[in-house]
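*Asks:*
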Amino acid sequence: MSRVIFLDGSSLPDREIIGGKAWSVARMRSLGLRVPPAFVIPVDECRRYHDAGRKFDDALWNDVLDGVRAIEQATGRRLGDAGSPLLVSVRSGAAVSMPGMMDTVLNLGITDEVEAGLAQQTGDTKYARETHARFCHQFGDIVLKADLDPYVAGPTADEVRALVLDDVGESIPDDPYTQLRAAISAVFDSWESARARSYRKHWGISEIGGTAVTVQAMVFGNLGDGSGTGVLFTRNPLNGDPTPYGEWLPGGQGDDVVGGTHAVLQLDALLETMPAVHTELLSWANTLEQENREVQDVEFTVEQGRLYLLQTRTAKRSPDAAVRIAVDLVNEGLITEDMAVQRVTAEQVDTVLLPHISAETAASAKVLASGEPACPGVACGIGVVDPDETELRAHAGEDIVLVRPTTSPNDVHGMIASVAVVTDLGGSTSHAAVVTRALGRPSVVGVGDGAAMSMAGKLLTVDGGAGKVYEGRLPLIATEVDEHPTLRTLSAWASERCTINVVHEFSGSVVDLDADRSAVDAETGKIDVEKLTALLTGAEAAKGGVLNSPEGAQAITASGIKTVVAPRRLPIQLRLIQQ
Amino acid sequence: MSDLDFLALHGLAVRKHGGPATVASLLGADEAAVGIALEGAVANGYAAGAKGIFMVAPAGQAYLAEQYPVVFADARGDEAFVGSYERFEKVNVDLLTLMTDWQTMPAGGGRISNDHSDADYDQSIIDRLGSLHERAERVIGKAADAQPRVGRYLERLEEAYDKVLSGDRDYVSGVRVDSYHTVWFELHEDLLRMLGRTRQE
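See below:
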């Protein structure tokens, strides 16, 4: 019996045995969906390799060669054949992902001759050259452990090879089978890397396990007409609308869509050029959504008219979409009400309910500055340049918008005290953006030299999500749960399931935790659950912002208090249900 | 003014305000000695302090600005150190991208706030932080060969990274703790002050 498993969907081995990546491939195959052919070397081979003193025995290698032949048969391509080359990816796949494990090596199998062959078949010399150079960089970095700068397009494979040789004194093999053997060994070795070992020790993960290795054919979205790559969301991830939403890049390959480096088309473009593929894609995506009972984010490639699914996972979604999708999935019979109230978080509800500026108000308001949206949210206050003045005036009760040319650690206390932050310079990944997001302060960055300074002393409304600063105090619209079409439904389900009474008003005695802040560390803002529990124990009812937090929910449950008073019931109810 | 008197004032300026323990930790110096130095700075009018928390006074900022070119003349003339600073700026771009990816995630053409409900997503970022930390070790290690005090930041980054690995998510980009970003931001500020460079953002 072979020691490698060809993932044709005829069986679905345990995730613990073959790792998450291979399991996902096997599962899609078993649902009758097409994925690039692959085989997996299971976890126990990793242990055997290490027990043998990091040795890869010939019997296993023969089984790996059989696995390669099976992929060759399925694709009609051959490893190292310039006329019809097979390229593969090699990935680690432990049951639990952990730091220090080897990353993926893509495009393994490319050599000088294969590069020439690929250039001819794709008609794209640049693509072939970059794929080769990128492979050499990845192989040098990950397998040979060369100290290389992050990859940037430009250098040729020969130039990268020279850098690697110079650093580690070892050459990147030009034979695809030698490449493959070295890459598989590197995956096994990474199980014993210092970082992976310390992580396992820390988390008490058994040393007995190991990592599986998945070897999968690469498919090509750049083989002329009828090829391309894209992503599909089974529902709109920004507003939750139950119509598939996606992006399609004809002739695109690999990360071209996900990497955001190319201008992409909407999915309708695929419907126009390849209607049958479009229909198949929607049908497969629907199968995955039905099976997983969750909105899916599906990566796919079309190679000469043939659709391949590369990966599916639960889609990331905005808070608005999360609420809508949970309620819709119940109405469609995919999940239960119990599951829906587990899926929407208190933070998502709080975000949906944040006050916002109406489109009409925004259209007639005077825009003082525009920049990059760094942290969403709307706030209003007086513009102040000096962080010390910001802190002083904020502590005296004023709402202050900190307006700075740039920010340094010296400004952080002012940012903490402010209601919003605006900076002249920097983009959405500047220090200022990182700090304001960590604080949840609405912020707009990069509004232009001198602009922030010109807003000092003015009353400002900052819309961090839109990247706009308006003059004056704009009226805000506050959404309420009862007025919201889907939150209202979710709230009814949550009320039925929450055993603690969460109310807007209470006539008995109420412990006020906004007044008594003794359970909150003044410097770090951390909440002490034990202290909070003690404050709640024996009380009839309690109120205070601190209760709308994970620690608050723990303390409510531990204290046995029966009633919580809150301006908004749903977030606290969800926290209590999700304990 | 002694070396430590100057460095204590410099360390305080990097952080804006803090007590002897905080400044001593930043410098890798003895807490009691830093406390005495900060009291001295108050006596000179270079710092103000109450309840063990100090901050740099305007006269102190002026004094630092005047002294930096003299005190850090060696560092500014050292090609190896300046070179490692320039490498640091490159890694800084990747660090800030990583922090952004930690705080937000892509969703259908836009980005949304990361609510940390997807353990695999978070793990992939923490894994990237591990690789970035290895690059940081090389770059900051080289800077510390020229200016040993800079090595203290590497220890603090290591401490933050360990906290992250042990599951304390606040130590990635939290503002109120010595998170990876907090320490990195201070290192950036320290290097800019040492080299007399202007912040680009």
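One line per chain: the protein sequences are A and B, in this order. Residue numbers for the first sequence follow our numbering, beginning at 424 and rising by one. Residue numbers for the second sequence follow our numbering, beginning at 8 and rising by one. C-beta atoms are modelled at their ideal positions from N, C-alpha and C, and glycine is treated no differently. Everything numeric in this text was worked out from a predicted model, so none of it was measured.
Alpha carbon to alpha carbon, what distance is there between B/Arg206 and B/Leu199?
*Replies:* When rounded, the distance between both Cα atoms is 7 Å.
*Asks:* Using beta-carbon positions only, say whether A/Met838 and A/Arg864 come within less than 8 Å of one another.
*Replies:* Cβ distance < 8 Å, so A/Met838 and A/Arg864 count as in contact.
*Asks:* Taking all protein chains shown into account, do 16 or more other C-beta atoms lie within 10 angstroms of the C-beta of B/Glu141, making it buried, or fewer, making it exposed?
*Replies:* Label assigned to B/Glu141: exposed.
*Asks:* Sorted by chain position, which residues of the same chain lie with C-beta nearer than 6 Å to A/Glu439's C-beta, five sequence neighbours on each side aside?
*Replies:* Counting only Cβ-Cβ distances below 6 Å, and skipping sequence neighbours, we find Ala518.
*Asks:* Chain A beta carbons: is any one of them nearer than 8 Å to that of B/Arg159?
*Replies:* Closer than 8 Å: no.
*Asks:* Roughly how many angstroms lie between the CA atoms of A/Gly674 and A/Gly975, to the nearest whole one?
*Replies:* Using only the alpha carbons, I get a separation of about 52 Å.
*Asks:* In the region 748-777 of chain A, which residues sit with their C-beta less than 8 Å from some C-beta in chain B, listed in chain order?
*Replies:* Result list: Thr768, Glu770, Gln771, Thr774.
*Asks:* The alpha helix (DSSP H) with A/Phe611 in it runs from where to where?
*Replies:* Run containing A/Phe611: 599-613, per the alpha helix (DSSP H) assignment.
*Asks:* Do A/Gly871 and A/Asp905 count as a contact pair if the criterion is CB distance below 8 Å?
*Replies:* Cβ atoms of A/Asp905 and A/Gly871: not closer than 8 Å.
*Asks:* Give the secondary structure of A/Ile823 by DSSP, where H, G and I count as helix, E and B as strand, and everything else as coil.
*Replies:* In the structure shown, A/Ile823 sits in a strand (DSSP, three-state: E or B).
*Asks:* In terms of alpha-carbon separation, which member of A/Asn715, A/Arg827, A/Ser851, A/Gly849 lies closest to A/Ser841?
*Replies:* Answer by Cα proximity: A/Arg827.
*Asks:* Rounded to the nearest angstrom, what separates A/Val642 and A/Ala551 at their Cα positions?
*Replies:* Approximately 14 Å between the Cα atoms of the pair.
*Asks:* Applying a beta-carbon distance threshold of less than 8 Å, which residues of chain A neighbour B/Leu172?
*Replies:* By Cβ distance, chain A contributes Pro522, Ser621, Tyr622, His625.
*Asks:* What are the residues of the region 98-114 of chain B that lie near chain A, defined by any Cβ-Cβ distance shorter than 8 Å?
*Replies:* Hits within the stretch, in order: Val100, Asp101, Leu103, Thr104, Met106, Thr107, Gln110, Thr111, Met112, Pro113, Ala114.
*Asks:* Using a Cβ-Cβ cutoff of 7 Å, what residues of the region 171-203 of chain B are near chain A? List them in chain order.
*Replies:* Here the close residues are Leu172, Ser173, Ser180, Gly181, Val182, Arg183, Val184, His188, Phe192, Glu193, Glu196.
*Asks:* Straight-line CA distance for A/Glu946 to B/Asn121?
*Replies:* So the two alpha carbons sit approximately 24 Å from each other.
*Asks:* Taking just the CA atoms, how far does B/Ala20 sit from A/Phe808?
*Replies:* It should be pointed out that residue 808 of chain A corresponds to Val in this sequence rather than to Phe. Rounded to whole angstroms, A/Val808 to B/Ala20 spans 18 Å at the Cα level.
*Asks:* How is A/Ile595 classed by DSSP in three states: helix, strand or coil?
*Replies:* Of the three classes helix, strand and coil, the one that applies to A/Ile595 here is coil, per DSSP.
*Asks:* For A/Ala785, would you say it is in contact with chain B, using Cβ-to-Cβ distances shorter than 8 Å as the test?
*Replies:* Chain B contact via Cβ: absent.
*Asks:* Less than 7 Å between C-beta atoms, sequence neighbours within five positions excluded: which residues of the same chain meet that for A/Glu536?
*Replies:* So the qualifying residues of the chain are Ala505.
*Asks:* Just to check my reading of the structure: A/Val610 and A/Val513 have Cβ atoms closer than 8 Å, yes? What is that Cβ distance to the nearest angstrom?
*Replies:* Right, their Cβ atoms sit about 7 Å apart.
*Asks:* Given a cut-off of 8 Å, decide if A/Arg658 and A/Ile565 are closer than it, judged by their beta-carbon atoms.
*Replies:* No, the pair does not count as a contact, with Cβ atoms beyond the cut-off.
*Asks:* Within 10 angstroms of its Cβ, does A/Gly682 collect 16 or more other Cβ (buried), or is it exposed?
*Replies:* The predicted model places A/Gly682 with a pLDDT of 48, which falls under 50 and marks its position as unreliable, so this point remains unresolved.
*Asks:* So what's A/Tyr574 in DSSP terms, helix, strand or just coil?
*Replies:* Note: A/Tyr574 maps to coil in three-state DSSP.
*Asks:* Thinking C-beta only, is A/Tyr622 closer than 8 Å to A/Met762?
*Replies:* No, they are not a contact pair.
*Asks:* In chain A, what lies closer than 7 Å to B/Arg22 by C-beta?
*Replies:* Here the neighbours are Pro832.
*Asks:* So is B/Gln207 in contact with chain A if we call contact Cβ pairs under 8 Å?
*Replies:* Yes, B/Gln207 counts as interfacial toward chain A.
*Asks:* For A/Ile995 versus A/Val969, is the C-beta spacing smaller than 8 Å?
*Replies:* No; because the gap between Cβ atoms is not below 8 Å, this pair is not in contact.
*Asks:* Could you list the residues in the region 118-135 of chain B with a C-beta less than 8 Å from some C-beta on chain A, going in chain order?
*Replies:* Answer set for the region 118-135 of chain B: Ile119, Ser120, Asp122, Ser124, Asp125, Asp127, Tyr128, Gln130, Ser131, Ile133, Asp134.
*Asks:* Alpha carbon to alpha carbon, how far is B/Leu45 from B/Val63? Give it in angstroms, no decimals.
*Replies:* Straight-line Cα distance between these residues: approximately 10 Å.
*Asks:* Would the region 696-714 of chain A and the region 618-638 of chain A be scored as touching if the rule is three or more Cβ pairs under 8 Å?
*Replies:* Segments in contact, no.
*Asks:* Measuring only the C-alpha atoms, how far is B/Arg22 from B/Phe61?
*Replies:* Spanning the two alpha carbons is a distance of roughly 10 Å.
*Asks:* Note down the Cα distance separating A/Gln639 from A/Leu529, rounded to an integer number of angstroms.
*Replies:* Their Cα atoms are separated by approximately 9 Å.
*Asks:* In whole angstroms, what is the alpha-carbon distance linking A/Gly532 and A/Tyr600?
*Replies:* Answer to the nearest angstrom: the Cα atoms are 8 Å apart.
*Asks:* Between A/Glu795 and A/Ala889, what straight-line distance do the alpha-carbon atoms span, to the nearest angstrom?
*Replies:* Taking the straight line joining both Cα atoms gives about 8 Å.
*Asks:* Unbroken alpha helix (DSSP H) runs of length 4 or more, entirely within the region 742-808 of chain A: which are they?
*Replies:* Within the region 742-808 of chain A, the complete alpha helix (DSSP H) runs of at least 4 residues are 742-754, 760-766, 769-775, 782-787.
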